[in-house]
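Everything below concerns the one structure shown next.
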Amino acid sequence: MRSVVSYVQRGGRMTVGQERAWEELWPTMGRAVSELGDIDDEPTDFDAWFGRSAPLLLEIGSGMGETTSQLAAAAPELNYLAVEVYQAGLGQLMLRAGKLGVGNLRLLHGDAVILLTRHIQPGTLSGVRIFFPDPWPKKRHHKRRLVQPDFVALIASRLAPGGTLHLATDWEHYAEQMLEVCSAEPALRNTSTTEPGWAPRPDWRPVTKFEQRAREEGRVSRDLIFEKVTGTEA
Numbered sequence: 004m005r006s007v008v009s010y011v012q013r014g015g016r017m018t019v020g021q022e023r024a025w026e027e028l029w030p031t032m033g034r035a036v037s038e039l040g041d042i043d044d045e046p047t048d049f050d051a052w053f054g055r056s057a058p059l060l061l062e063i064g065s066g067m068g069e070t071t072s073q074l075a076a077a078a079p080e081l082n083y084l085a086v087e088v089y090q091a092g093l094g095q096l097m098l099r100a101g102k103l104g105v106g107n108l109r110l111l112h113g114d115a116v117i118l119l120t121r122h123i124q125p126g127t128l129s130g131v132r133i134f135f136p137d138p139w140p141k142k143r144h145h146k147r148r149l150v151q152p153d154f155v156a157l158i159a160s161r162l163a164p165g166g167t168l169h170l171a172t173d174w175e176h177y178a179e180q181m182l183e184v185c186s187a188e189p190a191l192r193n194t195s196t197t198e199p200g201w202a203p204r205p206d207w208r209p210v211t212k213f214e215q216r217a218r219e220e221g222r223v224s225r226d227l228i229f230e231k232v233t234g235t236e237a
């Protein structure tokens, strides 16, 4: 496994509400990545967990759940899976999802790279979303950025033909790196036909307080949507 990860371990206490969400909602909505079945042994039956068969979409890094809860609520036709390393964020996401009455959302606590490598079978995801990952803006920290060639290749292998990888960031240099890395992956095709390759910002992606702050500070958010090429090996 990797020697460098894209996140840092954060401490801090959860709020009373977040702790209550973990006690009351986690047994139904969540699991630890380490609890899932290995793809080479007994793969996790995600349809059984959701209680139905539907396209499976993975969001990596759900943060405090502001976007994730709204997107899951707006797409009841999807089995919406979110993976996050921070317990407080998952607790807050459960609170938000509960208020919206979301029933098609399941949460995973742990590392997305381990999840994709060990627990999700090739060719099974209808989509992957990575919205505003940690930009690690200092040059010496760029190696910690999540979107790297090996990781994009891993994602591509888990996408079903026609499945999409949707990225968004408000850091210009990271957006350029994302574009370069994804464009170099032979199993993916940029859905944008205009140069340099940015996708139009979709109306359905909520504007979070962090994105609004970026706008106020003069940073432009950029979206990238790549599609799994039909016929490529998983």
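Numbered per the numbering used here, the sequence shown spans residues 4 to 237. All C-beta atoms, glycine included, are put in the ideal place defined by N, C-alpha and C.
Residue environment, residue i, which counts as buried when at least 16 other CB atoms sit within 10 Å
i    : result
K102 : exposed
S224 : buried
W25  : buried
Straight-line gap, residue i to residue j (C-alpha atoms, nearest Å)
i    : j    : result
E183 : A35  : 33 Å
Q151 : A178 : 12 Å
V116 : P199 : 28 Å
A77  : D206 : 12 Å
L111 : K142 : 30 Å
E69  : V88  : 16 Å
N193 : L98  : 35 Å
G126 : G234 : 11 Å
DSSP-derived helix/strand/coil call for residue i
i    : result
D50  : helix
T31  : helix
P203 : coil
A163 : strand
Residue i vs residue j beta-carbon contact at 8 Å
i    : j    : result
L60  : G165 : no
W201 : L227 : yes
L81  : M32  : no
Q21  : P209 : no
G92  : S65  : yes
F229 : L168 : yes
R222 : D173 : yes
K231 : A190 : yes
Nearest-angstrom Cβ-Cβ length linking residue i and residue j, presumed shorter than 8 Å
i    : j    : result
T47  : H122 : 6 Å
V105 : A75  : 5 Å
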